[in-house]
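To start, the structure itself, in structure tokens.
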Amino acid sequence: MTLLGKFEKLREDRTALLATGADPFGMPIDELYSPTEARIAGRRVLLAGTNNYLGLTFAPECLEAAHAAIDHDGTGTTGSRMANGSFAGHRALEREIAEFYECRSAIVFTTGYQANLGMISGLTRPGDVLMIDADSHASIYDGCKLSGAEVLRFRHNDAADLRKRLTRLGERAASTLVIVEGIYSMLGDRAPLAEIVAATRECGSCLLVDEAHSLGVLGEYGRGLVEEADVLSQVDFILGTFSKSLGSVGGYCASNRPELDLIRYASRPYVFTASPSPSVIASTRAALRLLRNGKDLRVRLWEHARKMYGGLKRLGYRLGPEPSPVVAAILDSREQALTLWRGLFERGVYVNLVFPPAAPGDKSLVRCSVSAAHSAAQIETLIGAFAELRDPVLAAGRDVNSACAPSLRSS
Amino acid sequence: MARSYDDILTRLIRHLERFAGPDVAIDEDVELVTELGLDSVKVLDVILEIEDEFDVSVPMNLLADVRTVRDLATVIHQILTSPAESRP
Numbered sequence: 000m001t002l003l004g005k006f007e008k009l010r011e012d013r014t015a016l017l018a019t020g021a022d023p024f025g026m027p028i029d030e031l032y033s034p035t036e037a038r039i040a041g042r043r044v045l046l047a048g049t050n051n052y053l054g055l056t057f058a059p060e061c062l063e064a065a066h067a068a069i070d071h072d073g074t075g076t077t078g079s080r081m082a083n084g085s086f087a088g089h090r091a092l093e094r095e096i097a098e099f100y101e102c103r104s105a106i107v108f109t110t111g112y113q114a115n116l117g118m119i120s121g122l123t124r125p126g127d128v129l130m131i132d133a134d135s136h137a138s139i140y141d142g143c144k145l146s147g148a149e150v151l152r153f154r155h156n157d158a159a160d161l162r163k164r165l166t167r168l169g170e171r172a173a174s175t176l177v178i179v180e181g182i183y184s185m186l187g188d189r190a191p192l193a194e195i196v197a198a199t200r201e202c203g204s205c206l207l208v209d210e211a212h213s214l215g216v217l218g219e220y221g222r223g224l225v226e227e228a229d230v231l232s233q234v235d236f237i238l239g240t241f242s243k244s245l246g247s248v249g250g251y252c253a254s255n256r257p258e259l260d261l262i263r264y265a266s267r268p269y270v271f272t273a274s275p276s277p278s279v280i281a282s283t284r285a286a287l288r289l290l291r292n293g294k295d296l297r298v299r300l301w302e303h304a305r306k307m308y309g310g311l312k313r314l315g316y317r318l319g320p321e322p323s324p325v326v327a328a329i330l331d332s333r334e335q336a337l338t339l340w341r342g343l344f345e346r347g348v349y350v351n352l353v354f355p356p357a358a359p360g361d362k363s364l365v366r367c368s369v370s371a372a373h374s375a376a377q378i379e380t381l382i383g384a385f386a387e388l389r390d391p392v393l394a395a396g397r398d399v400n401s402a403c404a405p406s407l408r409s410s
Numbered sequence: 004m005a006r007s008y009d010d011i012l013t014r015l016i017r018h019l020e021r022f023a024g025p026d027v028a029i030d031e032d033v034e035l036v037t038e039l040g041l042d043s044v045k046v047l048d049v050i051l052e053i054e055d056e057f058d059v060s061v062p063m064n065l066l067a068d069v070r071t072v073r074d075l076a077t078v079i080h081q082i083l084t085s086p087a088e089s090r091p
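Protein chains in written order, with the working numbering: chain A, 0 to 410; chain B, 4 to 91.
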């Protein structure tokens, strides 16, 4: 096969998808009206797939801070902190993240993806072991590849399976980094973190928890699953992103381990990339203050999450195992999922379409994420659209795969 | 406990049959992805089962060049016949 010949299959798949109408994986958004509404293809659309859990992307405090930072420090840093230095904002944000987690220090990365790449490849090297949850995000898998350490998986959210595999490693468990996520991004289920902490400590391994989808969502102060499970001081490395609840872009890691400060010199994804722009840092700092004091936002977010989860479950949609701001309908075929996604879009609702292997198992997902910024009426609109589409989606399953009973059953 | 290559192959095929379905004839030359229809994630799920059956760790790193059932059986055999202190 030629260098570019491998794209032929992708071209065919994309052409077939575009022939169905809209492009679910490249939606052109013409204008944003608010955290929950945009103009797409000339119409006003309800956004319910943006991971904007606290709805802070248009918070006046964040806008004002970003504007001021641009005026004061310019539009960009034009290079790595290693070469171009650390702006006051970078250093202040790291102090504030460390204080937020009551940790010794924190380090900021340019994206959440790079936070995983940078921490995993900075902490481990060939000869070490990485033990990751089987349903880990792509950034974790990619970080593992970059590190060169031996990569092992344990069964998703199964602390007993983790303990068994760490025990199997014997003395090598001491040079093992275990990685889990707070809330898993596809189905919205959370890790059994207390049990995972116990297994990890018992075997003498280190633990990194990625709170990308649980920052701002779980815990009294929004610190994530480490706070809700009351294990904050027992987790070696707490990692997260600015691009969901904090409404900007970037990533971080907080830790009590003094070695965290040295990661800067050992982490290629930190060293060889431009540092976050001043406006990004400024809006993130403002958002972190709102997040910390945002109990009311979390109350509203969870009201919406439970209402959405309960509503779809009553309609007979198969969902993830527990209510969460991520509410994903699990479909048996790509065609069913595409029918549902397209039907929602035609009704003015934008959510995420997920095909395997991005979704766990063989299933396709229509994934929603609710926000504190949604109104109760918008959540009703969402549930109403799913209700109208229940029967057409079932029919799509029958047309495509008559030998296999379509499944929208509750689980 | 050291196991023979043939023993490993037999047990591996038994696991693969569960993932690929009973209608697919599986021998050493069958390709895991193109012929058995296993995607990369399913291959990793087979590995979870294999690790438990043989009480051994099989790092993902060793799977990069694995194409056929024989390749996979060979990797597992190499791990199981290597000295315990040098195993993953």
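Don't be surprised by glycine CBs; every beta carbon is placed ideally from N, CA and C.
- Taking a beta-carbon distance threshold of 7 angstroms, R263(A) does not count as an interface residue toward chain B.
- Sixteen is the threshold: since fewer than 16 other Cβ atoms of the shown chains lie within 10 Å of the Cβ of L2(A), the residue is exposed.
- Around T240(A), the same chain offers G111, A211 and G250 as residues with beta carbons nearer than 6 angstroms, after the five sequence neighbours per side are excluded.
- The beta carbon of T283(A) is closer than 7 angstroms to those of L92, F241, L245, S247 and G249 in its chain, skipping five residues each way along the sequence.
- Put simply, of S323(A), A328(A), T123(A) and Y183(A) the residue whose alpha carbon is nearest the alpha carbon of D132(A) is Y183(A).
- In the structure shown, C61(A) falls within a helical segment according to DSSP collapsed to helix, strand and coil.
- The three-state reading of DSSP puts R21(B) in helix, counting H, G and I together.
- In the same chain as L214(A), and ignoring 5 residues on each side of it, the C-beta atoms closer than 6 angstroms to its own belong to G223, G239 and S244, in chain order.
- A straight line joining the alpha-carbon of E38(B) with that of F6(A) spans about 21 angstroms.
- Close partners of V150(A) in chain B (Cβ separation under 7 angstroms): P62, M63 and N64.
- In chain order, A384 place their CB closer than 6 angstroms to the CB of R346(A), counting only its own chain and leaving out the 5 sequence neighbours on each side.
- Using a C-beta cut-off of 8 angstroms, the stretch 372–388 of chain A makes no contact with the stretch 44–51 of chain B, since fewer than three inter-stretch Cβ pairs fall below that distance.
- By the rule that beta-carbons nearer than 7 angstroms mark a contact, D42(B) touches chain A.
- Interface residue (Cβ-Cβ distance to chain B less than 7 angstroms): P191(A) is not classified as such.
- In summary, the residues of the stretch 31–59 of chain B whose CB is separated from some CB of chain A by less than 9 angstroms are D42, S43, V44, K45, L47, D48, I50, L51, E54, D55, D58 and V59, in the order they occur in the chain.
- Excluding sequence positions up to five before and after G147(A), its CB lies within less than 7 angstroms of the CB of R124 and P125, all in the same chain and listed in chain order.
- Look at D260(A) here: in three-state DSSP terms it is helix.
- Under the Cβ distance rule, R167(A) counts among the residues neighbouring chain B, one pair being separated by less than 7 angstroms.
- In this structure, V179(A) lies away from A193(A), with their beta-carbon atoms at least 7 angstroms apart.
- In the DSSP assignment, C252(A) falls within the unbroken beta strand (DSSP E) covering G250 to S254.
- Every alpha helix (DSSP H) of 4 residues or more that sits fully in the stretch 347–407 of chain A is shown, in chain order, as 375–399.
- Take the alpha-carbon of A67(B) and the one of H155(A): they are about 22 angstroms apart.
- For L238(A), the enclosing beta strand (DSSP E) covers residues F236 to T240.
- Across the set C252(A), S278(A), V279(A) and F153(A), the C-alpha of C252(A) shows the shortest separation from the C-alpha of S266(A).
- The beta carbon of V392(A) sits closer than 6 angstroms to the beta carbons of Q335, T338 and L339 from its chain, once the five residues preceding and following it are set aside; these are given in chain order.
- Looking only at V208(A), I195(A), V128(A) and K144(A), the smallest Cα-Cα distance to A173(A) is reached by V128(A).
- Beta-bridge partners assigned by DSSP to S43(B): none are found.
- In the DSSP annotation of this structure, S7(B) is not part of any alpha helix (DSSP H), being labelled neither H nor E.
- The C-alpha of I382(A) is placed about 31 angstroms away from the C-alpha of L287(A).
- Under the Cβ distance rule, P23(A) does not count among the residues neighbouring chain B, no pair being separated by less than 7 angstroms.
- Restricted to the stretch 271–341 of chain A, the alpha helix (DSSP H) segments that are unbroken, complete and at least 4 residues in length are 277–291 and 294–314, listed in chain order.
- Taking the Cβ atoms as the reference, F236(A) lies roughly 14 angstroms from M130(A), outside the contact range of under 8 angstroms.
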